[in-house]
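Residues 27 to 324 in our numbering are what the sequence shown spells out, letter by letter.
Built from N, CA and C at the ideal position, the CB exists for glycine as well.
As the structure is a computational prediction, the values presented were derived from the model and not from experiment.
These notes are about the structure you will find just below.
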Amino acid sequence: MKTRDRLRIAMQKSGRLTEPALDLLNRCGLSFRQSRDKLFLFGEGEPVDLLLVRDDDIPGLIAQGVCDLGIVGRNVLNEFQLTAPGLEASPLSELRSLGFGRCRLSIAVPSEMDYQGPQQLQGQRIATSYPGLLGEWLRTHAVNAGVITLAGSVEIAPKLGTADAICDLVQSGGTLVANQLRETEVLLESEAVLAGPLTLPVDERGDMLELLLKRLDGVIQVRESRLLLLQTSRATLEAVTRLLPGGPQPTLMPVAGQPDQLMLQALCAGEVSWRQLEEIKKAGAREMFVLPVEKMLA
Ligand code: PRT
Ligand code: ZN
27 MKTRDRLRIA
37 MQKSGRLTEP
47 ALDLLNRCGL
57 SFRQSRDKLF
67 LFGEGEPVDL
77 LLVRDDDIPG
87 LIAQGVCDLG
97 IVGRNVLNEF
107 QLTAPGLEAS
117 PLSELRSLGF
127 GRCRLSIAVP
137 SEMDYQGPQQ
147 LQGQRIATSY
157 PGLLGEWLRT
167 HAVNAGVITL
177 AGSVEIAPKL
187 GTADAICDLV
197 QSGGTLVANQ
207 LRETEVLLES
217 EAVLAGPLTL
227 PVDERGDMLE
237 LLLKRLDGVI
247 QVRESRLLLL
257 QTSRATLEAV
267 TRLLPGGPQP
277 TLMPVAGQPD
287 QLMLQALCAG
297 EVSWRQLEEI
307 KKAGAREMFV
317 LPVEKMLA
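Below is the structure:
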C-alpha cells in the first residue's frame with residue numbers, strides 16, 4: 027500500500043460514539059473541513075483526517091492499514107480480535123480508554139428464572155451479537171451452550187422463543203426490564219477506546235500520533251479533574267484534609283477577618299460525589315464548591 031504522510035482516524039459515522047468522539051478530537055486541537063460525502067473529513071491545521079464509518083468496520087480498517095487509529099467500543103474491538111480471520115498479520119491494541127460510551131456486555135435470563143450460576147446455562151440457547159466474547163466466556167466457565175448469532179434485536183429473542191437467554195450490551199438496564207429479563211453475568215466492562223496497530227508507524231505519522239496521544243492524555247486528565255473549594259477552621263483542618271479525594275496537596279489560604287478560618291483549594295483526580303461532600307462537611311467544612319477544570323498547565 028502507498029504510504030501516507032497524514033494520520034487517518036476511523037470513527038463512527040452516526041451513533042452513540044459520534045458526538046463525544048468528535049468533541050474529544052476538537053479538544054485535542056483537531057478540526058475538520060466538512061466534505062460533501064461526509065465519509066472523509068479533511069483535517070485543517072494538523073495533518074490528521076477522519077474516516078466516518080460503521081463502528082463494526084473500524085477494527086478491520088486499522089488491521090488492513092486503511093486507517094492508523096480508530097475510536098470504537100472495547101466490545102467491538104475485542105470481538106474483532108476474537109473472530110476476525112487472519113488477524114495474526116496485524117494485531118490491534120487498545121492505546122487509551124476514553125471514558126465515554128460506557129456499558130457492559132452481560133448475560134441476561136428471563137426474570138422469573140431462578141439463576142444460580144453459569145452451570146445453569148448448560149444446554150441453553152443464548153442469543154447474541156457477540157459470539158466471540160460469549161464463546162470465550164462459555165469456554166472459561168466450561169459451559170456447553172448453543173450460541174445464536176443475531177445482528178440486532180437480541181433482547182426479544184427469549185420472548186419469541188428463539189433463545190433461552192441473551193448476551194447483549196447493557197447501560198441503564200431499562201431495555202432488559204422492558205423485556206422481562208434480568209442481568210446475571212457481566213462478561214466485559216466496555217467504553218470507547220482509541221485502537222491502533224500493535225506496532226506504531228515510525229515516520230511522520232508516528233510523530234503526529236505521539237503528539238496526539240500526549241494531547242489526549244492532557245484532555246482526559248483535565249476532563250476528569252475537579253477543583254474543590256471549601257472553608258474550614260484550623261481545628262477541623264486535619265479531619266477535613268484526611269477525607270479529600272486523591273490529588274496533589276491542597277493549597278491553604280487565610281480568610282480575611284477570621285484568623286481561625288482557612289480557605290482550602292484541592293485538585294481532585296475524578297468526580298466528587300454528594301456522599302463525599304457530605305462526609306467532608308460532617309468533618310467540619312462549609313461553603314463547599316466543586317468546579318470543573320477547563321484547562322491545566324502544570
Ligand atoms: O451504525 P453502527 O453500526 O455504527 O452503530 P451501532 O448501532 O452498531 O452502534 P451504537 O451507536 O448503538 O453503539 C455504539 C457503541 O456504543 C457500542 O458498540 C458500545 O460500545 C456503546 N454503547 C454504550 C452502547 C450502549 N451504551 C447501549 N446501551 N451500545 C448499545 N447499547 C444498546 C444495547 O445494545 C441495548 O439494546 O442499548 C440497549 C441497552 O441500553 P439500556 O440503557 O436500556 O441498558
Ligand atoms: Zn455497529
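Member of the options whose CA lies at the smallest distance from the CA of residue i
i	options	result
Leu224	Leu65, Leu195, Arg122, Ala47	Arg122
Ser299	Gln284, Phe315, Ile97, Leu237	Phe315
Arg3	Ile84, Arg62, Gly99	Here the chain covers residues 27 to 324 and nothing more, so residue 3 does not appear.
Gly178	Leu207, Glu211, Asp63, Tyr156	Tyr156
Arg128	Val212, Leu50, Val196, Glu305	Val196
Val319	Gly86, Arg249, Leu159, Gln284	Arg249
Leu317	Ser251, Gly71, Glu215	Ser251
Asp322	Leu48, Ser40, Arg53	The identity of residue 322 in the sequence shown is Met, whereas the question assumes Asp. Taking only the C-alpha atoms, the option nearest Met322 is Arg53.
Ser276	Asp286, Ala295, Pro285, Gly283	Here residue 276 turns out to be Pro, not Ser, going by the sequence shown. Of the listed residues, the one whose Cα sits closest to Pro276 is Ala295.
Closer than 7 Å: residue i CB and nearest the ligand ZN heavy atom
i	result
Arg100	no
Arg268	no
Local Cβ density within 10 Å of residue i, reported as buried at 16 or more and exposed below that
i	result
Phe58	buried
Leu220	buried
Val102	buried
Arg231	buried
Leu33	buried
Leu235	buried
Met27	Unreliable positioning characterises Met27 in this predicted model, as indicated by a pLDDT of 48, which lies under 50. The coordinate reading is nonetheless provided below. Classification of Met27: exposed, given that the 10 Å Cβ count is below 16.
Gln38	buried
Phe68	exposed
Lys308	exposed
Glu264	exposed
Thr188	exposed
The ligand PRT heavy atom lying under 7 Å from the CB of residue i
i	result
Thr109	no
Glu181	yes
Val196	yes
Gln38	yes
Leu159	no
Cys129	yes
Thr154	no
Arg34	no
Thr201	yes
Arg122	no
Arg252	no
Strand pairing of residue i, partner residues [DSSP]
i	result
Gln38	Val79
Arg208	Val135
Gly91	For Gly91, which the question treats as bridged, DSSP gives no partner whatsoever.
Thr175	Thr154
Asp194	Ser132
Ile84	The partner list for Ile84 (beta bridge, DSSP) is empty, contrary to what the question assumes.
Ile97	Leu220
Ser123	Val219
Met314	According to DSSP, Met314 bridges with nothing at all.
Q | Around the ligand ZN, Cβ to any heavy atom closer than 5 Å, ordered along the chain | A | Asp81, Asp82
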